[in-house]
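One structure is given here, and the rest of the page talks about it.
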Amino acid sequence: MLHLPPLMATDPITGQEESMSTTHPTLAAPATANDTPMWRSLEELLDTPGYQAMLHREFPSQAGEWTDPVSRRSFLSLMGASLALAGLSGCRAPSGKIVPNVRDNEGVQPGEGIYFATAMTLSGYATPVLAKSYEGRPIKIEANTTHPSFKGESADSNPGVDMFSLASVLGMYDPDRQFDANNKGTSTTWEDAYRALRAKLGEIRKKGEGSKVRILSGQVTSPTLGGMISRFLKEVPGSRWHQHEPLGSDNAYIGTALAFGKPLEVVHQIHGKGVKAEVIVTFDADILQQGPASLALVRQFSELRDVTKPAEMTRLYAIEPGLSVTGAKADHRLAARPSEIPNLVRHLAALVGVAGASEQPGLPAETAKFLKELAADLKESTHENGKKLDKPKARQATLVAAGPAQSPDVHALVAAINDKLGNTGKTVRYIEPLCQGRPVSTADTLGKLFDDLKADKVDMLLILDSNPAYSATGDIDFKGALEAFSLKSGKTSVALNLHEDETAILCQWRLPLAHYLEAWGDALSYDGRATIVQPLIAPLYSGKSAEEFLAGLVVNESDPTAPGAQPTERQGHDLVRATWKAWYEASKGASPDLLKFKDFDSFYTRSLHDGHVHGHSGRESAGLKLNADEVAKLAKAFEPKSSGQMEVVFTADDTVHDGRFANNGWLQETPKPITKITWDNAAYINYGTAKALGMKLVTEKDPLGLSKREYTGPAKEFGWTGGEHGRAFVDVLDITVDGKTVAVPAWVVPGVADSTIVVQIGYGRTRAGRVGGHLVGKGKPDAGKATDGKSGAVVGVNVNPLRSAQSQFVARSASAKVNGRSHLLACTQGHHSMEAEGRPAPLVRVASLETNAANPHWVEHDPSLNGGHAKKDDHAAAKKDDHGHDHKHDGHDHGHDHGHGESKPGAIPLTLLPDADNKTPMEGYEYAQKVHRWGMVIDLNRCTGCSACVVACQSENNSPVVGKHEVSRGREMHWIRVDRYFQVTFESLQDPSKVRTYHQPVPCMQCENAPCEQVCPVAATVHGYDGLNDMVYNRCVGTRYCSNNCPYKVRRFNFLQYTDYATPSLKLLNNPEVTVRTRGVMEKCTYCVQRIRHGEIEAEKRAVKQAAAEKKSISRLKDGEAGKVTARIKDGEVVTACMGACPANAIVFGDMNDKSSRIARLKKAAGHLNYSILEGLNTFPRTTYLAGLRNPNPNLEAAHG
Amino acid sequence: MAQLFPPYANTLFRVAILGVLLGAPGLGVAALVFVRSPYMTGAYNAKTQPIQFSHAHHVNGLGIDCRYCHTSAEEVAHSNVPPTKTCMNCHSQIWVGSTMLEPVRESFNTNKSIEWQRLHRLADFAYFNHSIHITKGIGCVSCHGQINHMQAVYQKGTLLMEWCLNCHRNPEDHLRPRDQITNFAWSADQYKDPEQPDKVWTQQELGNKLKAELNVRSLIECSTCHR
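Chains A and B, in that order, are what the protein sequence lines are. Numbering of the first sequence is given in my numbering, commencing with residue 81 and proceeding in unit increments. Numbering of the second sequence is given in my numbering, commencing with residue 8 and proceeding in unit increments.
In C-alpha cells:
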C-alpha cells in the first residue's frame, strides 16, 4: 500500500543523486544522527510529491488565501469600521485623561512592573511563581528563583515555570468567567446567597438527622482550606466531604501503605542535596512533564544531562505504553502495553533481588534482555563517559519511579526495588501525605456521592471548584443525578466554580469562584513546603475563594459558635494569617529556621515576600521499615495476561490538562509536545495498529470533497498524516469500552505500544466558553467542528464516558474500528520546515557518549559544508572572504564560527554591524566586540520539549491566538516553536521501541548576516548597534519578502486581524512594554528587546550614579578602563521570557562579549558541540545549539539500538 | 458659428496648467505642513483643566522644584502626575478656604481621583523613558519648554519622530550638568568649571564635554524606541 522511495539526497548543482547512507569520507558514520533519517511528519519520511512541492513554498498553500467565508466577512466589517474611524480621528493625536491616585500606593511607580510571590495550585499542589503586576494588573508569570524546593544549587540555575502557570493570567482575564452570583440564572448578590444558604443550613442542622450536607471538592493540600473544611464538618454534624479529582490517584498512597504500613507521599530527588541518580527507570511515569514535582525534576534531570560534564550524565530508561515527554528524553525506551507493565516490574524486582519475586516466564527475548541489562545497570556501571571501565563501578544511587496510573501493587513493588537498591532516603524520600483526606475512603468517593444522591440521602450539596458533570467517569451518570437533585423541592445545590460550567449550570446556586491571582490562600508544593498564595488584584467578577465561602457559611468571628456572620472584606487574608499564626506559635521553638524572626509579623512578611513559608517543610516519616512479607506476596501474584484486545490509556492532556484549561486560548493553541496537534485531542496509535485497523494512510481521494469546495492544495495527495502541514483529514475511530462508544480522530504516533490507544481527557467540553466549547448564550466558539454530530462547536472529544471507577487510567478490553468519517486536525508538525532540497546538514545533531568520546569533532561533520566535501554549492563559496580585508582570527568567540572549526579557511568574521562613528568596517567590528553582543544558546540535551517557552513568549510579547482553522493554514503566531523530530527508518516504524524523539526550539536566529534584511523594500527589518535584527512594525507594508527569504522560517505574518481589540478584559492582559500588532504586519522574535532596553537603561543609570560618587567618567566600551566607570548590563540582568520559563535551563541568553557571562562560558565549555543550524547559508546566526549527547547503555545499544 | 473659446481662454488655460503643475506638489507640501501643524500634533493647545493649576505661579513664583510633584520622572519611564495627597501637603495648611481648590479637597475627602486632561501623548508604539534622559543630563525645558512661564500648560514640541531624532542625532545641543536639570533659566555660559574658572563655555563645548564624560550615545536605532 505504501510505496517507500529510497532515501536519496539530490545535489542541487549536479543533479546527481547520492544515497544518504553512503557518507562522504570524513564522515565517521556514528550510529546516530546521520544514518537513520530524522523526520517530522510521515510524508516527509515518505518524501511524497506533495511534500516536495511544499518545500518550495514559503507558506503552506492557502496560507495567503481567503478561504473562510466567516473570517472574510468579519474582516470586511472590521475594515469598514476602522476606515470610518480613520477618517474621523486616525491622524490626530488622540486625547485622553490622566487620572492619578488620590494617595499613592507604596512602591508602585507608574509604568513599572512589580513582582509578587504567589503560587498557582493544580490538583491541590502548589507551583510557586512570581506574578508581575503592572499598575495593578497581573500580566505575566515568572519563576520564583529563590524557592528552596525548586531552585538548583548553582547560582545560574533557574527553576522555571510550567505552561499552566504561565497561561493562568489569561485564565484570570477570561471573559467567559462567571461574573455574578446567581440563583437558577437569576442574578443575585452574595449577601442574598449567604442569607439563603445560612437559613437552609440552620434548618438542616436543626433537624439533626445528620449526614445530609455534602461538600465536593478536588484534591486539597491547603492547610487553610483543609482546616476550614474540617471546621465545617465539625460545625455541621454528620456532613461529609467527598473528593473528586479527574486524574487523581491514591495508588501511590495505597502502594506505600502496602509496603510500609502507612500511606506516604513519595518524593523523588534526581539531583541535589548530595544525591545523584545515576540511572533512572520510569514505569509509565511521565516524571518530566506531569505531576506536581515535574518542574523540579526537569531541572534536576537537566543538571545531569549537561554536555559540558559528560562523565556525570545520568541514564534514563522509560517503559511506557504511550510516547511521553519522559519517554522522548529516554536513552532507552521500551513500549509496553499497559497490561504488561506490572509483570515487567515483577521481573525487574526478581532481577534486582527483591525477596519473593521470581522472573516472569514467556517474556519476548528483546524485552528480557532489556530488563536484564537494565537490572545490571542499576547495580553497577561498566562504562564512563563512553569508555569501558577496567572494573565495573557500583552505583551510588539510582531511581525507579512508577506513574499514578499504575496499581498500588506496582507502587509497593517499586518501593521494594528502590529499597533493595539502597535508594530510600536518597533519591526516594517518604513524607507524610500532603493531600488532606487521602487516600479517600470508600464512603467519600464521587461514586458514593452519586449513590447517595440517587438514594435521596443528601439535602445540601456544596461543590467547590469541581466539575464532575463533565469529568465523572462513564459508569456513573453524575450529570443526571445532579440535575434530578437540583429539581427536587427542599434540596439545595451550590457550585462555586470559575465558570458557569457543565456542573454549575445544573446547580441552583451558581457562585463565582475567585481565581488564585484574586484571593488569599495557601498550598503545599510536592515536598510539603507551604507557599502563601497572595492576590494581585481584587476579584474581577466578585468571586470568593472556597475558604472564604465556607467561612461565610459557618464562621462568625465575634462568636465562633454562632453561625451566620456577615463575611468581612479581608476575611480570606484573616483566615490564611490565622492559620500561619497558629503554626508559627506552635513551631517557633522547634524549627531553627524560625529563630531568625523576632516575631510573627516579621516571619509572615518575609514568608509572603519570599514565596515560601520559612521553616516549613514536609514531615519526614521516620523509622520506615519495608513489609517484606507483603511485598513478597505482591511479587508472587501474577497479573492476568492481556485479553489480546485493544487497550485504551487515558492521560491528562499536555496542554489543557483535565479540561479545566479548555477555555484558555494560549494552551489550546500550544502544539502538544509530542504530537504537535493543536485544538484537539486524538487517539494515538502506532503505525502497525493503524494498518491493522485498516486506516487509509495515504488517501487518494479526499473524503470530504474538499478539493472542489474548499481545499485545492497538493496536500490532498497525502491525506491524513499531517496534510499540507497542518490540514490533516484523519480517519475517525469508534472506540468501544464496555458497550460505550466514543468517536475519536486517530493519529499515528510512532512509539505507542502495539494494540494500544492513548487518548487524552480534557476535551469535548460543552460549557467551557468561547474558546473551549459552547457556553450557551455567551457568544459562539470560533474553533472546532462537531465531532459527535450534535453539538455546535465543541473542541475535541470527551472520552470520560469510556472510563469507569475501576478503569480510570486504562481500559483493558476495548475495541476500535474505523467509522468511515474523517476529521480535520490542526497539526503543526510539518509547519515551517527548514528542510531544503537535497537534505543538508542535520538540524538536530545527536550522538552517543561513545561516539563523542571517540571523535569529539563529530558535530562538524556536515555534508553541506565545503570542508573536504566534493559538493560545491553557492553557500560554501559565499564563505570565502570577499572583502579583501585581512580578517585575523583573534580567538574571539564569534557566534558564527562554530561547527565549522577555526582552521577552516572559509570561516571569516563577516558582520553587518554598523560602522560606528564613521570607522572602517574592521574598526566597526572592533566596536562590536566591545558593546553588548547578544546571543542565545539552546541546549538540545537539556530541552524536553515541554513548550513552556512558547506560552511564556506569547504572554510576554502579546502574541494573538488565531484559532484552529488558521493554525491549519500555517498561520499560528508563536515566535518560538519547538520542532519535534522522530528518528526511525521506515522499516523499523512498526517497532514502537525503536523510535527516538528529539525536540528543537527555534526562535529567530538573529542572524548577523540576515537574509530577511536584504529583501525588505521598506527597511522595516534592520540591524541595530548590538547586532539585533530589529523589526519595525510601523514601517512594514506586508510584502512578506522577508519571510520568504528566511531559511529558518521564524517570521510570522498577521494575515488577519488576530488581536482581540474588542474584549475589554483581554486588553488588561497585554504587556504594555510591547506593541500590539495589527493586521498586515510581519513580526518575529526580538530577543525580548523590551527587556534588553530596560536593562540597558538601568545599567546606564547605575553607572551615572557610580560615576558621580567616584567622580569619574563613563565608558560603555571597555571594562576596567582607567578612571572610568563601565555601563554594562551584568550577566543575568536581562533574561528573555523563554529562558526565564525554561525549567530545564536549556535556553541561555546573554552577552557573548562578556567573557564571564554564562553564555560565553557555556560556549567555551561546550566547544565543538556548539553548532549553528543551516550554517552553510552564511547567515551567522546569533542563536546556536548545543548538540545532544545520548547516554545509552553500551551493553544494550548493540542489541537494541 | 460663434466662438467657443473667448480670447481670454488662452490665458485661462495657461494659468490652469501652471496651477496644476504648481498645485500638485503644493498639495503635497501642504499635506506635510498640515501634519506638522499644531492642529494635528496638539502643540500649543492648552486645554481646560478641572483645576486652574498654574505652573508659572508654583514654579516661577514659589520656586517649587519639578521633582517635588513629579517624583517618578527621575526613576522610571513615566513621569507621574502627582496624587491629590501631594497638593494637600501644602493646601491643608494654606488657602484652605479657596474655592479654586474645592475640587482638590473634594477629591481628597471622597477618595475620587481628579481627572486631568492629557496634553502630551506619544504614539503607542513609541517607548519614551524619562529617567534615562534626566540621568544623562537632558533638562526638562529641552522638551517641555518654559513650563515655568505657562499659566496653563501646553505641549511645546510636535512629538513627531523627526522632533525626537533632532536631538538623538545631536545630543550635545541639549546636554547640561545634571544639577541643572530642572533649572529653566540655565544656559551654558553659566557653567563654571572648577579647573578653568575663567572660561566662558558655549553649549557646543560643554555639550561635547558632557557627552564624553557621561558616554552619551547618539541612539537612532529603531529598537531604541520601538519594540
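For every residue, glycine included, the Cβ atom is placed at its ideal position computed from N, Cα and C.
query                                                                                                                           : result
Residue-level contact to chain B via CB, A:Thr1263, 8 Å cutoff                                                                  : no
Residues that A:Ser175 contacts on chain B, provided the C-beta gap is smaller than 9 Å                                         : Gly49, Lys54, Gln124, Arg125, Leu126, Arg128
Assumed close pair A:Gly745, A:Val851 - CB separation to whole angstroms, cut-off 8 Å                                           : 5 Å
Sub-8 Å separation of A:Ala206 and A:Ser605 beta-carbons                                                                        : yes
Nearest-angstrom beta carbon gap, A:Val1102 and B:Cys229 [assumed within contact, 8 Å]                                          : 6 Å
Inter-residue Cα distance where the pair is A:Lys951 and A:Gly1256                                                              : No answer about A:Lys951 holds up, because its pLDDT of 33 lies below 50 and its placement is not dependable.
8 Å Cβ cutoff met for A:Lys1210 and A:Val1017                                                                                   : no
Bridge partner(s) assigned by DSSP for A:Asp811                                                                                 : A:Ser902
Pairwise C-alpha distance: B:Leu29 and B:Phe20                                                                                  : 14 Å
Segment limits, alpha helix (DSSP H) that includes A:Trp746                                                                     : 745-749
Local Cβ density within 10 Å of A:Trp660, reported as buried at 16 or more and exposed below that                               : buried
C-beta neighbour in chain A for B:Glu169, strict 8 Å                                                                            : no
Sequence-distant residues of the same chain with beta carbon closer than 7 Å to B:Pro13, five excluded per side                 : none
Amino acids of chain A, ordered along the chain, whose beta-carbon sits closer than 7 Å to that of B:Ile139                     : Ile1177, Glu1180, Lys1181
Assigned exposure category for A:Pro1144 - 16 Cβ within 10 Å defines buried                                                     : exposed
A:Asp1267 and A:Leu1020 closer than 8 Å at C-beta                                                                               : The sequence shown places Ala at residue 1267 of chain A, rather than the Asp named in the question. It is a contact, given that the beta carbons lie within the stated cut-off.
The segment 605-620 of chain A / the segment 191-199 of chain A touching (three or more Cβ pairs under 8 Å)                     : yes
Distance between B:Ser225 and B:Lys218 (C-alpha atoms, nearest Å)                                                               : 10 Å
contact_flag[the segment 504-515 of chain A, the segment 535-549 of chain A] where n(CB pairs < 8 Å) is 3 or more               : no
Contact test: A:Gln349 Cβ vs the ligand FAD heavy atom, cutoff 7 Å                                                              : This structure lacks the ligand FAD, and indeed carries no ligand of any kind.
Within 7 Å of chain A by C-beta, residues of the segment 85-104 of chain B in sequence order                                    : His85, Asn87, Val88, Pro89, Pro90, Thr91, Lys92
Chain-order list of residues whose beta-carbon lies under 7 Å from that of A:Arg1131 (same chain, five-residue window excluded) : Cys1092, Cys1122, Ser1123, Met1162, Lys1164
Inter-residue CB distance, A:Gly352 and A:Gly505 (contact presumed, cutoff 8 Å)                                                 : Their Cβ separation, rounded to whole angstroms, is 14 Å, which puts A:Gly352 and A:Gly505 out of contact at 8 Å.
Any C-beta of chain B under 8 Å from that of A:Glu192                                                                           : yes
Under 8 Å between C-beta atoms of A:Asp1302 and A:Gln369                                                                        : It is not possible to answer for residue 1302 of chain A, since the shown part of chain A is limited to 81 through 1281.
Beta-carbon gap between A:Thr1077 and A:Ala398 smaller than 8 Å                                                                 : no
A:Leu593 in three-state terms, based on DSSP                                                                                    : strand
Sufficient close CB pairs (3 or more, under 8 Å) joining the segment 177-197 of chain B to the segment 139-153 of chain B       : yes
Residues of the segment 1101-1118 of chain A whose Cβ lies closer than 7 Å to any Cβ of chain D, in chain order                 : Chain labels in this structure do not include chain D; the protein chains are A and B.
Any chain A beta carbon closer than 8 Å to B:Phe132                                                                             : yes
Burial state of A:Thr304, where buried means 16 or more other Cβ atoms lie within 10 Å                                          : buried
8 Å Cβ cutoff, B:Asn118 in contact with chain A                                                                                 : yes
Any chain A beta carbon closer than 8 Å to B:Glu220                                                                             : yes
Within 8 Å of chain A by C-beta, residues of the segment 184-205 of chain B in sequence order                                   : Arg185
Assigned secondary structure, A:Ala950 (DSSP; H/G/I helix, E/B strand, else coil)                                               : Note that A:Ala950 scores 32 on pLDDT, short of 50, meaning its location in the model is unreliable; the coordinates nonetheless yield the value given after this. Looking at A:Ala950 - three-state DSSP - the assignment turns out to be coil, as it is neither helix nor strand.
A:Ser329 versus A:Val378: straight-line alpha-carbon distance, rounded                                                          : 22 Å
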